[in-house]
Amino acid sequence: MLCTAADAQVKSVGRGTLPRKKIVFIAGPDSHGKGEHEHNGGCTLLAKALNDSLPGVEALIVRNGWPQDESVLDNAAAIVFYLDGGGSDHLELVHAAKMEKLIAGGTGIVNLHFSLEVDAKAGGDRFLKWIGGYFETNWSVNPVWEASFARFPDHPVARGVKPFSILDEWYYHMRFAPGMKGVTPILQALPPESTLNKPDGTHSNNPAVREAVITRKEMQTLAWAFGRPDGGRGFGFTGGHMHKNWQNDNFRKLVLNAIVWAAKIEVPAGGVPSATPTDNELNALSKRVN
């Protein structure tokens, strides 16, 4: 049974000697219409997969924004943000003081898709410290394109993940920590030049990204693991725009692995197992009709 924020008290496993590791999902309101930015549905699917497959985990969901009672976040092994980001009003910045306390206590931080975008002046340095990278306007871009992933690093997040290709709104040319210090690229691809056929804009194109991709043909990092200097962990994943992509077993496994890794839980040798959701199951996780 899926736990929610109301079930936040950490339970025990077996005879009560081993506390479960708490993983909290913060799901923002759904946006962009049915099938896109399905934050609540995506979090429901991922949290259920963790609860079903890992008896040492208790995954909880806080819906539609920051929890009214912040105590649900206390002692969390990891927090997953799947919500709309943007400017200086990003929830993680509004509650930066709490975030800093959690991170100082070792909480892992996972940011999915739009939650990676933050105002550079207001929160860029914080995101570099927390997860090692972020989407910076007038530098990063957000086209929809099919990315192919043929190779993966020898890293727990990639365990059991096989080569795959998938269409999504894959952000790239992200802003990373200087020298990529602490950052391990997990998903990399070279975007086609067609992803840069729009005029320059805050999210569409700019001279720096054209130089990197078209001229220098630099592989772009679309997902990464981050080891904080204090021993904590962070993870950034630029995909997740399209709800149907959770049906892809490798796409889903990689994100589940990353959440578990960020929580400092051993990732199974074959990756975190989960059942492939059917079309009906995915549709049932969407509360919107348009």
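Sequential numbering of the sequence shown, starting at 13, is according to our numbering. All C-beta atoms in this analysis are idealised placements derived from N, C-alpha and C, irrespective of residue type, glycine included.
Just so you know, the alpha carbons of residue 117 and residue 111 end up roughly 10 Å apart. Distance from residue 280 to residue 171 at the Cβ level is roughly 7 Å; contact confirmed, criterion being Cβ atoms closer than 8 Å. Assignment of residue 209 by DSSP, reduced to helix, strand and coil, places it in the coil class. Apart from sequence neighbours up to five positions away, the residues of its chain that approach residue 71 with a beta-carbon distance below 7 Å are 15, 35, 37, 59, 62 and 63, ordered along the chain. Below 8 Å, enough C-beta pairs join the region 189-204 and the region 229-238 to call them touching: three or more.
Contact holds between the region 124-132 and the region 90-105, because three or more Cβ pairs, one in each stretch, are under 8 Å apart.
For residue 254, the secondary structure class from DSSP, reduced to helix, strand or coil, is strand.
Here residue 145 carries a strand assignment [DSSP, helix/strand/coil]. Secondary structure note for residue 222: it is in no beta strand (DSSP E), and the uninterrupted alpha helix (DSSP H) holding it is 219-222. Of the other Cβ atoms in all chains shown, 16 or more fall within 10 Å of the Cβ of residue 265; this residue is therefore buried. Of the candidates 294, 238 and 88, 238 places its Cα closest to the Cα of residue 139.
DSSP places residue 264 in the uninterrupted alpha helix (DSSP H) bounded by 261-274. For residue 179, the enclosing beta strand (DSSP E) begins and ends at 176-181.
For residue 292, the enclosing alpha helix (DSSP H) covers residues 291-296. When DSSP states are grouped into helix, strand and coil, residue 165 belongs to the coil group. Boundaries of the beta strand (DSSP E) around residue 233: 232-239.
Taking a contact to require three or more Cβ pairs closer than 8 Å, the region 252-263 and the region 132-151 do not qualify as touching. The Cβ atoms of residue 274 and residue 245 sit closer than 8 Å to each other.
Judged by beta-carbon spacing, residue 289 lies beyond the 8 Å limit of residue 207, meaning their Cβ atoms are not closer than that value. For residue 116, no beta strand (DSSP E) segment is defined; the enclosing uninterrupted segment is the alpha helix (DSSP H) at 108-116. By alpha-carbon distance to residue 175, the top candidate from 90, 183, 164 and 69 is 164.
C-alpha of residue 151 to C-alpha of residue 220: approximately 7 Å in a straight line. If you look at residue 60, you'll find it in the alpha helix (DSSP H) that goes 51-65. Collapsing the DSSP output to three states places residue 282 in coil. Ranked by Cα distance from residue 243, the first of 212, 218, 278 and 194 is 194. At a Cβ-Cβ threshold of 8 Å, residue 173 and residue 262 count as neighbours.
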